[in-house]
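J.: Shown below is the structure under consideration.
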Amino acid sequence: MSPITTPSSRRLATLAALLVSTSLWAADTAPTITGPTKVQGRPGYDQPNQYLVSRTVKLADNMEPVIPNTEQNQQARAKLAALEKKFGKKPNIVVFLLDDVGYMDMGFNGGGDAVGNATPDIDRIANEGLILTSAYSQPSCSPTRATIMTGQNQAHHGLQSPPMYGQPGGLEGLTTVAKLLSDQGYTTQAIGKWHMGDNEGSLPQNVGFDHFRGFLSVSDMYTEWRDPQYNPEVALSPSRYEYVEKLPFNKADVEASKGGKIRDLYTIDTNTIKDLDQKWLSFGVDFINRQKDAKKPFFLYYGTRGCHFDNYPNDYYLGRSAARTSYSDCIVEMNDVFAKLVATLDQTGQLENTVIFFGSDNGPEAEVPPHGRTAFRGAKGSTWEGGVRGPSFVYWKGMIQPRKSDGLFDFADLFNTSLSLAGKPGADVAKLVPAKTYIDGIDQTSFWLADNGVSNRRSIFYFWNDEISAVRVDEFKFMMIAQAANAITQSGDNGGFSGAALTSQASIMFNLYTNPQEDQTSGIRHIPMGVPLQAEYLRYREVLKKYPPHTQISLK
Numbered sequence: 003m004s005p006i007t008t009p010s011s012r013r014l015a016t017l018a019a020l021l022v023s024t025s026l027w028a029a030d031t032a033p034t035i036t037g038p039t040k041v042q043g044r045p046g047y048d049q050p051n052q053y054l055v056s057r058t059v060k061l062a063d064n065m066e067p068v069i070p071n072t073e074q075n076q077q078a079r080a081k082l083a084a085l086e087k088k089f090g091k092k093p094n095i096v097v098f099l100l101d102d103v104g105y106m107d108m109g110f111n112g113g114g115d116a117v118g119n120a121t122p123d124i125d126r127i128a129n130e131g132l133i134l135t136s137a138y139s140q141p142s143c144s145p146t147r148a149t150i151m152t153g154q155n156q157a158h159h160g161l162q163s164p165p166m167y168g169q170p171g172g173l174e175g176l177t178t179v180a181k182l183l184s185d186q187g188y189t190t191q192a193i194g195k196w197h198m199g200d201n202e203g204s205l206p207q208n209v210g211f212d213h214f215r216g217f218l219s220v221s222d223m224y225t226e227w228r229d230p231q232y233n234p235e236v237a238l239s240p241s242r243y244e245y246v247e248k249l250p251f252n253k254a255d256v257e258a259s260k261g262g263k264i265r266d267l268y269t270i271d272t273n274t275i276k277d278l279d280q281k282w283l284s285f286g287v288d289f290i291n292r293q294k295d296a297k298k299p300f301f302l303y304y305g306t307r308g309c310h311f312d313n314y315p316n317d318y319y320l321g322r323s324a325a326r327t328s329y330s331d332c333i334v335e336m337n338d339v340f341a342k343l344v345a346t347l348d349q350t351g352q353l354e355n356t357v358i359f360f361g362s363d364n365g366p367e368a369e370v371p372p373h374g375r376t377a378f379r380g381a382k383g384s385t386w387e388g389g390v391r392g393p394s395f396v397y398w399k400g401m402i403q404p405r406k407s408d409g410l411f412d413f414a415d416l417f418n419t420s421l422s423l424a425g426k427p428g429a430d431v432a433k434l435v436p437a438k439t440y441i442d443g444i445d446q447t448s449f450w451l452a453d454n455g456v457s458n459r460r461s462i463f464y465f466w467n468d469e470i471s472a473v474r475v476d477e478f479k480f481m482m483i484a485q486a487a488n489a490i491t492q493s494g495d496n497g498g499f500s501g502a503a504l505t506s507q508a509s510i511m512f513n514l515y516t517n518p519q520e521d522q523t524s525g526i527r528h529i530p531m532g533v534p535l536q537a538e539y540l541r542y543r544e545v546l547k548k549y550p551p552h553t554q555i556s557l558k
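In this note's numbering, the protein residues as written are 3 to 558.
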């Protein structure tokens, strides 16, 4: 398979002919319908957020085009200026990232009590903020985390799959939001799961964070080879156990300060892992308390251990969920962790000047039960909606109008939006990174802050390794590469890691409003919508030619 998916020559020829008469689509300009064939609109059909026909502009060559929403941009800037005048500093920024949690695990998306793990505090806070029903991660954890840090999708930053057991690769040489926020005068703190490379140049204290407390890898790498319940062939074999134990990856809860060395606190095993999230919570609460009277704003990147497999519930939370599974017990704990952090911000008088983004790094890990739930097809590791569309919201007391929005949001947008809040909006971001760096994120400050704000993003691109798997505009998703769940095992599997990647013969299209399960292709019936989707796909193929994929770690 080529580095960039190429449609068949017949499909390209057909597309070229269609594009001659629809060149305005490719130019990101709404077509004008004139003469007797002009359609009279029907009530309800012209929605304000139909991005397919919205004009976009390029702020810089190495940035994605944005939809200019001038009035809401002005409103957002006015609100930020008033807040800065009140507090005397830029706003604090918190990114709270769960691990392997599904769209339907949270009550605000219809889960919670309904699936046996109540999330009352998360739901309450979500309903006081902006619930993002179409927020997109990358298909798995490390790619998503690197996307948040760099504002790039996995094709560009190169972490296309999670590094395992000391595998080289990471953030080294990339420009991170932590580094840029530090340059803007922010205190930068990372807590919890890292998993973006444990080589020296990729460690958190060397990519912009003032301090780090957490672990460098992922839950199962600390426990699965120690637990005879899951891997008796290793755990009960002294020679195999010793082999894994000697692999070059850090096995401890650690801390480090900017420019310093990693300091091991204690070894993580099947016993000590139970209390990790509580220990990290205590550290997080202490950090927030210390910022109460600080003159500098802070950026807190908080990655939980929960609820990646295998879940070993803290003694207090064992059996606390109605479902009484280790996964659901973990969700109940995560509700309390998030609630405690928000309460601490409130108690210290910092909540009004703090924006909080809540999300999950990918969909549920459906190959290892018990696991999370999703309303969509597929799961972690796939580019079906279930793999990349999780529970997300943004909360800012007094600054964000409570509402739900299906406006498109990519986790890469956190990069641009955070820098915009720090005083570097729009095209200013392009000046902060090397000219060869393509920024896939978009500044969504006005989407968040304006009353009834709409997304500034026209499209979402999905990636399988370094290849475009699909593109979404409005409710339509155009898919070129899909994971076939039953290609390896007869019964099939909902996860993406055990499936096979298949290239469609004539790219398929789904209406995600009428068919969120993605099991009824509508491409043949809706060719007028398919043409601009293909044009958007071809536009980004040209981006990948000028700013080529940078593969560090891949499943290929």
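Each residue gets a CB set at the ideal place from its N, CA and C atoms; glycine is no exception.
Ser394 by DSSP, collapsed to three states: which one?
T.: Reduced to three states, the DSSP call for Ser394 is coil.
J.: Is the region 72-92 in contact with the region 448-467, if contact means three or more CB pairs nearer than 8 Å?
T.: Counting Cβ pairs under 8 Å, three or more are found: they touch.
J.: Apply the 10 Å Cβ neighbour rule to Gly365 and answer buried if 16 or more other Cβ atoms are within range, or exposed otherwise.
T.: Answer is buried; the Cβ neighbour count reaches 16.
J.: Please state the DSSP three-state secondary structure of Ala180.
T.: In the structure shown, Ala180 sits in a helix (DSSP, three-state: H, G or I).
J.: Could you check where the beta strand (DSSP E) with Ser461 kicks off and where it finishes?
T.: Note, Ser461: beta strand (DSSP E), 461-466.
J.: Do you know how far the Cα of Glu66 is from the Cα of Tyr464?
T.: Tyr464 and Glu66: Cα-Cα distance of roughly 15 Å.
J.: Threshold first: 4 residues or longer. Then list the alpha helix (DSSP H) segments lying entirely within the region 190-257, N to C.
T.: The qualifying runs are 221-225, 234-237, 240-247.
J.: Check this for me: beta carbons of Ser204 and His310, under 9 Å apart or not?
T.: Cβ distance not < 9 Å, so Ser204 and His310 don't count as in contact.
J.: From the DSSP output, in three-state form, read off Asn75 for me.
T.: Helix.
J.: Identify, in the order they occur along the chain, each residue of the same chain with its Cβ nearer than 6 Å to the Cβ of Lys558, setting aside the five sequence neighbours on each side.
T.: Closer than 6 Å at the Cβ level, and outside the excluded window around Lys558, lie Asn467.
J.: Would you say Gly216 faces chain C, with C-beta separation under 9 Å as the test?
T.: No chain C is part of this structure, which consists of one protein chain only.
J.: Give me the Cα-Cα distance between Glu335 and Phe359, rounded to the nearest whole angstrom.
T.: Approximately 19 Å, taken between the alpha carbons.
J.: Going by DSSP, what residues sit across from Ala502 in a beta bridge?
T.: DSSP, once it has assigned bridges, lists Ala486 as partnering Ala502.
J.: Assign Ile462 to one of two classes, buried (16 or more other C-beta atoms within 10 Å of its C-beta) or exposed (fewer than that).
T.: Result: buried.
J.: Give me the Cβ distance between Leu85 and Phe395, rounded to the nearest whole Å; I'm assuming they're in contact under 8 Å.
T.: About 20 Å separates the two Cβ atoms, so there is no contact after all.
J.: Hey, could you find the ends of the beta strand (DSSP E) Lys406 is sitting in?
T.: Element bounds for Lys406: 405-407.
J.: Which residue wins for smallest C-alpha separation from Glu367, given the options Gly388, Gln52, Gly351?
T.: It is Gly388.
J.: My output table needs one value for Lys298: the three-state DSSP class, helix, strand or coil.
T.: The answer is coil: DSSP assigns Lys298 none of H, G, I, E or B.
J.: Can Ala258 and Phe285 be called in contact, C-beta distance under 9 Å?
T.: Against a cut-off of 9 Å, the Cβ pair of Phe285 and Ala258 comes out as no contact.
J.: Starting from the Cα of Asn252, find the closest Cα among Ile270, Ala432, Tyr232 and give me that residue.
T.: It is Ile270.
J.: Where DSSP assigns a beta bridge to Ala472, which residues make up the other side?
T.: Answer is Tyr464, Met481.
J.: Looking at the structure shown, is Ala429 part of a helix, part of a strand, or coil, going by DSSP?
T.: Three-state DSSP puts Ala429 in a helix.
J.: Can you tell me whether DSSP reads Asp63 as helix, strand or coil?
T.: Coil, per DSSP.
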